[in-house]
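Convert by adding 74 to the 1-based position in the sequence shown; the result is the number in our numbering.
Structure first, commentary second.
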Amino acid sequence: MGFVYRSSITLCCKKLCVRFPYSVRTERKQWFRFSQRLMNVAGADSESRKNNGEINTVAVSNIRNFSIIAHVDHGKSTLADRLLEIAGVIDPVEGQTQVLDMLQVEKERGITVKAQTVSLSYKYKDHEYLLNLIDTPGHVDFSNEVSRSLAACQGVILLVDANQGVQAQTVANFYLAFCRELTIIPVMNKVDLKNANPDAVTEQLKTLFGINEKDVLRVSAKFGTGVKELIHAVIERVPPPKVDRKAPFRALIYDSWYDRYRGTIILMYIRDGSLKIADEIQSVHTKKVYTVKSLGLLRPQEEQVPLLAAGQVGFITCNMRSTKEAHIGDTFHLKDMTVEPIEGFKPAQPMVFAGVYPMDQSQHVALRGAIEKLVLNDPAVSVSVDSSPALGQGWRLGFLGLLHLEVFSQRLEQEYGAQAVLTAPSVTYKAKIIGEKNIKHYGGEEILFSNPSHFPPTSIIAELQEPTVMGTIITPDTFIGSIISLCMERRGIQKTATNIDNNRVMMQFILPLNEIIVDFHDELKSVSSGYASFDYEDHGYVPSQLVKLTIMLNGVAVDELSTIVHISKAVSCGRKMCEKLKEIIPRQMIQIAIQACVGGKIVARETLKPYRKDVTAKLYGGDVTRRMKLLRRQAEGKKKMKMVANIGLPRETFIDVLKR
Ligand code: GDP
Ligand code: MG
């Protein structure tokens with residue numbers, strides 16, 4: 075099968091004069107079969123491919139670089155499908171959906187996790203245009219994918235669901251584009267829906283962003299209505315890139331992924347000059363020099379080209395061995411030239427940390443391999459080695475948010491078959507240390523820690539700080555009361571509230587990050603019957619009264635079970651933890667006291683009753699003293715056992731407790 079597969083590729087490659095690589099990145103594998111079919115069937119397409127060189131050096135004035143941005147599920151990927159169909163890249167008869175969502179998790183969850191670039195050729199008014207489209211994720215965790223995509227664009231399609239209206243990520247994404255001074259094309263999607271309310275949505279766009287009613291396009295991405303007009307609007311409204319083809323070569327790296335055979339593949343936006351095979355390029359950040367091995371466009375399958383010119387978005391390979399060398403936001407230039415670095419963007423900062431351990435230690439090596447490989451394709455994840463007496467050797471990984479964590483563990487399992495135990499997520503806290511000796515010991519006055527077992531002794535802490543976020547919530551006004559009380563309960567401070575139309579409100583809260591990472595979003599959805607939407611951005615550290623909540627079993631502290639909480643939550647959290655442990659820990663021969671304590675003070679307690687053998691069962695009748703004697707003897711035995719017993723919790727129990 076594999077053989078037939080390859081040879082047919084070589085065949086069509088010869089026909090089309092394109093060297094098609096058959097070592098594609100794992101994520102693109104599914105694409106492969108698809109692209110192969112494409113090469114065979116797309117008659118019209120092959121025409122354009124023959125003119126490869128021509129399209130490749132399309133005039134700057136005929137290039138449009140744009141992204142589709144919107145809230146989750148407002149139809150970005152569906153719209154991208156229609157655009158691909160109109161450009162003749164996919165066959166509408168096949169009825170494929172969300173083709174740019176290539177990962178298995180994306181297909182299963184119906185969400186976009188990774189921004190995808192595709193270069194389309196489109197003929198408009200007798201001119202051949204090169205449209206570089208980037209489909210972006212809408213979920214808050216992946217907003218850095220959006221912001222780096224925007225660095226390669228001059229315009230955006232701001233998509234709004236005609237039924238749901240403006241949502242929290244619509245606002246966040248609008249401002250990302252607005253701050254970069256990009257051309258914004260407001261588009262209302264799903265106008266085919268029965269309960270769509272386009273007029274109300276236009277009103278919201280006007281109130282919130284000052285968008286003129288006549289600029290708003292109405293489309294149905296599902297049925298393709300108005301999509302052609304949208305492409306024309308993109309060509310007419312979005313300006314061509316401001317670049318200089320005569321200047322020395324300069325390019326911005328905005329994505330990278332790893333291929334087993336070719337090394338790191340770098341996606342770049344060429345700002346000035348041009349690049350061809352065998353050119354020597356240098357990174358501004360690392361100063362390392364590489365020789366360009368291949369160049370190409372994503373259409374969306376890889377298409378090799380001999381030259382990339384300013385204004386284009388394309389990928390290169392250059393024998394780079396690790397994605398760590400490809401700093402997202404870095405500038406590349408020709409060797410031994412000095413150029414002004416291109417203005418980059420904020421690199422992704424991990425916000426949520428969790429321990430990852432193998433199911434049992436024999437799987438340690440396999441899990442390490444899987445994590446290393448996956449991190450190559452997801453550089454936003456930070457990795458450090460960690461260990462725990464109960465779970466053995468493992469890692470502490472940093473993620474952009476909870477969804478990112480879930481997606482990562484799902485990908486570990488699906489793409490690498492690695493089973494892992496993930497501990498409860500936590501955030502990074504800051505502590506200011508006092509005392510010369512302590513500062514020396516910790517290597518600085520300020521230390522960062524996310525693992526409760528690294529909580530410094532309270533006697534040497536001058537101040538503790540926790541990270542906060544600015545949360546934006548958009549909701550119908552009937553739910554205001556319950557949402558405010560939810561935020562207050564989560565230690566939120568309300569900042570603003572604005573009406574965005576007759577019955578919708580936008581509120582902003584400053585919330586501690588550790589209060590929202592686990593279940594805030596679910597709670598918000600349940601108190602608002604699913605109508606409220608939430609987005610957040612980093613809001614820095616604030617001083618906070620944090621304590622370490624330690625769990626003790628018969629007076630012995632179990633470090634793996636301790637957590638860091640705000641002092642106001644210590645009692646309730648301790649109680650919950652003890653109750654949960656009482657349910658999970660198997661009963662033993664002796665009584666177990668499960669206690670939660672803060673700084674030596676017990677705040678909650680549960681007692682796990684021992685198994686009890688009925689030692690008096692063999693008695694019948696007789697004197698009561700005989701009964702007493704037997705019971706006394708049993709009690710003595712238990713006491714002795716308690717003194718020598720080491721409560722060994724089975725590994726499964728730890729896994730049950732630590733799992734979310
Ligand atoms: P994304 O998260 O913004 O990429 O949204 P998707 O493209 O994944 O679409 C989310 C859902 O909306 C899918 O179930 C689509 O079928 C549906 N959808 C997208 N566009 C339209 C449309 O124009 N009309 C209708 N009725 N449904 C649509
Ligand atoms: Mg999508």
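C-beta atoms are modelled at their ideal positions from N, C-alpha and C, and glycine is treated no differently.
In this structure, DSSP gives serine 600 a helical state, which the three-state scheme calls helix. Residue nearest to proline 617 within the set Thr542, Ile309, Ala691 is Thr542 (criterion: CA-CA distance). Serine 217 has its Cβ no nearer than 7 Å to any heavy atom of the ligand GDP. In this structure aspartate 155 touches isoleucine 164 by the C-beta definition: roughly 7 Å separates them, less than 8 Å. Remark: C-beta atoms of serine 141 and serine 223 approach each other more closely than 8 Å. The set of residues with a C-beta under 7 Å from any non-hydrogen atom of the ligand MG comprises Lys150, Ser151, Gln172, Asp175, Ile185, Thr186, Asp209, Pro211, Gly212, given in chain order.
According to DSSP, lysine 506 shares a beta bridge with Glu520, Glu537.
If only complete runs of 3 or more residues are kept, the segment 420-452 shows the beta strand (DSSP E) at 426-432, in order along the chain. Taking 7 Å as the cut-off, the C-beta of asparagine 263 counts as close to a heavy atom of the ligand GDP.
Between valine 426 and valine 495, the C-beta spacing is not below 8 Å.
Residue state for glutamate 202 is assigned as strand, using DSSP reduced to three classes. Cysteine 647 and threonine 637 have their C-alpha atoms some 9 Å from each other. In this structure, aspartate 609 has its beta carbon at no less than 7 Å from each heavy atom of the ligand GDP. The ligand GDP has a heavy atom closer than 7 Å to the beta-carbon of valine 146. Straight-line spacing of the CA atoms in leucine 522 and proline 424 works out to 13 Å. The Cβ atoms of threonine 391 and lysine 420 lie no closer than 8 Å to each other.
Excluding the 5 residues flanking it on each side, glutamine 243 has same chain C-beta neighbours closer than 8 Å at Ala144, His145, Val146, Gly212, His213, Val214, Ser217, Ser607, Asp609, in chain order.
Excluding sequence positions up to five before and after glutamate 219, its CB lies within less than 7 Å of the CB of Lys188, Ala189, Thr210, Pro211, all in the same chain and listed in chain order.
For the options Thr549, Ile507, Glu563, the alpha carbon positioned closest to that of glutamate 537 is the one of Ile507. Along the segment 222-310, the beta strand (DSSP E) occurs as fully enclosed runs of 3 or more residues at 229-235, 257-263, listed in sequence order. Rounded to whole angstroms, the gap between the alpha carbons of threonine 397 and aspartate 235 is 37 Å. In the DSSP assignment, threonine 171 falls outside any alpha helix (DSSP H), carrying neither H nor E. Contact annotation, leucine 382 with leucine 408: C-beta distance approximately 13 Å; criterion of less than 8 Å not satisfied. Rounded to whole angstroms, the gap between the alpha carbons of leucine 341 and glutamine 178 is 22 Å. Rounded to whole angstroms, valine 449 and glycine 162 show a C-alpha spacing of 34 Å. Residue ranges of uninterrupted beta strand (DSSP E) with 3 or more members, entirely inside the segment 349-392 and ordered along the chain, are 354-357, 363-365, 368-372, 376-378, 381-383, 387-391. With a contact defined as Cβ atoms closer than 8 Å, asparagine 237 and asparagine 269 qualify at about 6 Å.
Assignment of beta-bridge partners to proline 586 by DSSP yields Thr542. The criterion of a C-beta distance shorter than 8 Å is not satisfied by glycine 370 and valine 430.
For leucine 486, the enclosing alpha helix (DSSP H) stretches over residues 476-490. Taking the Cα of glycine 388 as reference, the smallest distance to any Cα among Gly239, Gly629, Leu204, Gly695 is reached at Leu204. By alpha-carbon distance to leucine 623, the top candidate from Phe297, Ile641, Tyr364 is Ile641. Between valine 192 and proline 374 the beta-carbon gap is near 4 Å, inside 8 Å, which marks them as a contact. Following the DSSP letters along the chain, one finds glycine 696 in no alpha helix (DSSP H), marked with neither H nor E. A Cβ-Cβ distance of about 18 Å is found for the pair valine 230 and glutamine 278, leaving them out of contact under the 8 Å criterion. For histidine 613, the CB contacts under 7 Å within the same chain, skipping 5 residues up- and downstream, are Thr542, Val543, Met544, Ile584 in chain order.
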